[in-house]
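Reviewing the structure listed below.
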Amino acid sequence: MMIVGAASVTEQVCRSCGGSHINTFLKLGTTPLADRLPSSIDDGEEEPVFPLSVAFCGDCSLVQITETVNPRILFANAYPYYSSFSQALLRHSRDNVLDLIERRGLHSGSFVIELASNDGYLLKNYVEAGIPVLGIDPADGPAAVASEFGVPTHVAFFTRELAESLRRQGVRADVIHANNVLAHVADTNGFVAGIALLLKDDGVAVLEAPYVEPMIDHCEFDTIYHEHLCYFSVTALDKLFRRHGLYLNEIKQLSIHGGSLRLYVELQERVGVSVRDQLAHEKAQGIDAIDYYIDFSATVDKLKVDLSTLLRRLKADGASIAAYGAAAKGATLINTVGIGRDLIDFVVDRNTHKQGKYMPGQKIPIRSTEALLEAQPDYVLVLAWNFLDEIMAQQTEYRARGGKFIVPVPNPRIV
């Protein structure tokens, strides 16, 4: 059973600027929460679903979903995401830390904070280098794991009020990390204001966020779910930070998560060429205007039809199909395309906290990755396609036995 609308708010104005010129350009229907994994096919509990629509703000260019689910429902109730299960993400994070230690001359007298520090996957690299840290994260499960890595973690949502409290205690940071969290916070302005309060005068905030351009251009619609409230352009970010006395001075484009931005934000304005060039690029491409987004819905509809047709044809031919990655994007994909147990036998995931549970909505069982060799399905639909290279490297034996992968975006294909 499903119940619609509990514990959510439909936004009438922009999350960033408060403007009223909100234009919806994609409607994905009502979907379950992407990281709420049922413990059984029928555990007697109603599975909540919420509207999932995406809009563009004509005032500040921010792309955003129109429904806000209570953050305590999304993140603080047995939240199953643990960053350390991805070796690619661990390498990515370590490289980021080592670069900052060198560039900023960090040492034992420095101080680093991470917002949404999860299981300590990033901050443990500073701990190993003898640099003091503080993690802030609302999910007690990952926070407990972080403490095992020697990462002190304050279990709470990061808000302006928390930042004010910490600053009164004399806490200010040389570096503040916030990876893939800015898009998740309901109070976007309060979060950014809190960063401004905790930065030292010469400090830097280093944030990572999915970039809206590849999401649109590569039809990465499955990265849209209730935890992801915003989909950022550099134009929208620049306006957001300036509103709080912060300056986006440098960006790096990253391939991780289907295309992301690393943002270097400071209290001093020294905007570099990387930012100026990207702002000019977005203006030239029209990313700062609604027309850029109008055709996205039709593109999504075509991908959904093509993927469903491919899976049903393979199944009709007698093929067995599993899926890899009980990721949030996978929940969006299977529920909006209508991929159920009639098409997918099971999903595998390395995260032990997800194994033994079920995918939201469609209730497909989640198993360990060893199940691929045990069952040897003919095809594996890669739900966590942002880690495709890592997955294919892990599954050399499965491939050697003749197994094939189906990559759903930007166009469904067999590899």
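Residue numbers (the UniProt record's numbering): 1 to 415. Every residue gets a Cβ at the ideal spot worked out from N, C-alpha and C, and that includes glycine.
Three-state secondary structure (DSSP) of GLU46: coil
Contained beta strand (DSSP E) runs [length at least 3] in the segment 291-335, N- to C-terminal order: You should have 321-324.
Short Cβ contact (8 Å threshold) for ASP238 with LEU279: yes
Simplified DSSP state of GLN64, which is helix, strand or coil: strand
Terminal residues of the beta strand (DSSP E) in which THR153 lies: Following the DSSP letters along the chain, one finds THR153 inside the beta strand (DSSP E) bounded by residues 153-155.
Bridge partner(s) assigned by DSSP for ARG413: Answer is VAL407, bridged to ARG413.
Inter-residue spacing [alpha-carbon to alpha-carbon] between VAL54 and LYS283: 21 Å
Cβ-Cβ distance between ALA319 and LEU37 below 8 Å: No, these two residues do not count as a Cβ contact at 8 Å.
Cβ-Cβ distance between TYR211 and PHE232 below 8 Å: yes
Contact set for LEU52: own chain, Cβ-Cβ below 6 Å, skip 5 residues either direction: Taken in chain order, the residues that qualify are LEU28, THR31.
Cβ-based neighbour list, GLY203, same chain, cut-off 6 Å, excluding 5 preceding and 5 following: ALA173, ASP174
Best match in ALA331, LEU310, LYS329, ALA328 for proximity to ALA321 [C-alpha to C-alpha]: First, the residue type needs correcting, since residue 321 is Ile and not Ala in the sequence shown. The shortest C-alpha separation from ILE321 is found at LEU310.
Selection from GLY150, VAL380, GLU390, ASP99 that minimises the alpha carbon distance to TYR121: GLY150
The beta strand (DSSP E) enclosing GLY29, as first and last residue numbers: 22-32
The segment 298-313 in contact with the segment 239-249 per 3-pair CB rule at 8 Å: no
Inter-residue CB distance, ALA178 and LEU207 (contact presumed, cutoff 8 Å): 4 Å
C-alpha distance - GLU374 paired with LEU90, whole-angstrom precision: 28 Å
Reference ASP201, options PRO138, GLU102, GLN268, closest by Cα: GLN268
Among ARG104, VAL97, SER108, PRO142, nearest to LEU123 - alpha-carbon criterion: Out of ARG104, VAL97, SER108, PRO142, VAL97 has the C-alpha closest to the C-alpha of LEU123.
Nearest-angstrom Cβ-Cβ length linking PHE25 and TYR293, presumed shorter than 8 Å: 5 Å
Limits of the unbroken alpha helix (DSSP H) element including ALA143: 140-148
Inter-stretch contact (C-beta, 8 Å, three-pair minimum) for the segment 56-66 and the segment 127-141: They do not touch, by the three-pair rule.
For GLU220, the nearest candidate out of VAL348, ILE256, GLY194 (CA to CA): Among VAL348, ILE256, GLY194, the Cα nearest to that of GLU220 belongs to ILE256.
Between the CA atoms of SER40 and GLU46 - distance to the nearest angstrom: 12 Å
With 16 other Cβ atoms within 10 Å as the buried cut-off, status of LYS304: Buried: at least 16 other Cβ atoms inside 10 Å.
Uninterrupted alpha helix (DSSP H) stretches inside the segment 158-200 (no shorter than 4 residues): Within the segment 158-200, the complete alpha helix (DSSP H) segments at least 4 residues long are 160-168, 188-198, listed from N- to C-terminus.
Nearest neighbour of TYR398, chosen from ASP378, ASP137, ASP35, GLN253 [CA to CA]: ASP378
Buried or exposed (CB count within 10 angstroms, at least 16 for buried), GLN395: buried
Short Cβ contact (8 Å threshold) for ASP35 with GLU213: no
Between the CA atoms of LEU33 and VAL49 - distance to the nearest angstrom: 7 Å
CB of ASP306 within 8 Å of CB of ASN180, strictly: no
Residue(s) in a DSSP beta bridge with GLY340: Answer is none; GLY340 lacks a bridge partner.
Residues that DSSP places opposite PHE56 in a beta bridge: ASN23, VAL63
Spatial neighbours of MET2 in its chain, beta-carbon cut-off 6 Å, leaving aside the 5 residues before and after: Legend: pLDDT at MET2 = 39, less than 50; position of this residue unreliable, value from coordinates given subsequently. Once the five neighbours on either side are set aside, the close Cβ partners of MET2 are GLU47, VAL49.
Same chain only: Cβ atoms within 6 Å of ARG160, ignoring 5 sequence neighbours per side: GLY190, ALA193, GLY194
Whole-angstrom distance between LYS357 and ARG401, CA atom to CA atom: 28 Å
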